[in-house]
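Engineer: Below is a structure I'd like to ask you about.
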Amino acid sequence: LYMDIFVELFGGQNAKIKGYTYMYRDGINNVDIKTTDSIDLSLAQKIVIPISKVFNFMLGPVLEMDILSGKGIIDMNVQGSIDSINMNGFAEFRNAALTYNGLYGKVEKAAGRLDFKEDIIKFMSKQAYVKTNPLSVNGFVKINDNLDFNILSDSVEAKDALEIINNSSLLK
């Protein structure tokens, strides 16, 4: 199956999905996913997740997020067989708001980057806030493996920290 899809979005933004896949277990995939520099991330998530299911590749923490708003860019290549997929590229985000499955609270004003290198996805935040508390989230996930991350903040109010810890299943 060869694809050459162009999705025109609001404000002159667009997404391009181009490549091929063989829809059987040992088939080889080679797909490029590229967007312009200010794509709506909530919309991009709705485009990329179904593609990841068709081509059977993991998107690491992206699958556990509900992206509410934000802007960014995606530039990645996915290739390999269903049993051995490799991704290379990146996704950058800014002014994003999201929730994360298993973590209590909404993350706001987030900016950072996801780097895709073969079967590892690294994520680094430049800034993020829960309520008014600044935090940094950095880590990695190996495809089909556990998520390893750190959440750091040098100024969190004790009542907010306790509320987050007590209500986050990932932190128990």
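Numbered by this note's numbering, the letters in the sequence shown go through residues 9 to 180 in order.
We treat Cβ as the ideally placed atom computed from N, Cα and C, and that holds for glycine.
1) Would you tell me roughly how many angstroms separate the C-alpha atoms of residue 162 and residue 133, rounded to the nearest one?
2) Measure from the alpha carbon of residue 110 to the alpha carbon of each residue in 179, 130, 146, 24, then state which is nearest.
3) Tell me, which residues are paired with residue 135 by DSSP?
4) Go ahead and pull the three-state DSSP assignment for residue 71.
5) Go ahead and label residue 80 buried or exposed: buried means 16 or more other beta carbons lie within 10 angstroms of its beta carbon, across all protein chains shown.
6) Could you check the C-alpha separation between residue 130 and residue 157 for me, to the nearest Å?
7) For residue 110, which of helix, strand or coil comes out of DSSP?
8) Counting beta carbon pairs with one atom in the region 119–130 and one in the region 146–155, are three or more of them shorter than 8 Å?
9) Are three or more beta carbon pairs between the region 55–64 and the region 114–122 nearer than 8 Å?
10) Can you tell me whether DSSP reads residue 158 as helix, strand or coil?
11) Measure the Cβ-Cβ separation of residue 41 and residue 84 and say whether it is below 9 Å.
12) Check each candidate in 37, 76, 53, 23 and name the one with the smallest Cα separation from residue 43.
Structural biologist: Quick look at the numbers:
1) Rounded to whole angstroms, residue 162 to residue 133 spans 15 Å at the Cα level.
2) Residue 179 is the option with its Cα nearest to residue 110.
3) Per DSSP, 119.
4) The answer is helix: DSSP assigns residue 71 an H, G or I state.
5) That one is buried.
6) Roughly 9 Å between the two C-alpha positions.
7) Coil.
8) Flag = yes, the region 146–155 and the region 119–130 touch.
9) Contact fails: fewer than three Cβ-Cβ distances are below 8 Å.
10) In this structure, DSSP gives residue 158 an extended state, which the three-state scheme calls strand.
11) Result yes, Cβ atoms of residue 41 and residue 84 sit closer than 9 Å.
12) Nearest C-alpha to residue 43: 23.
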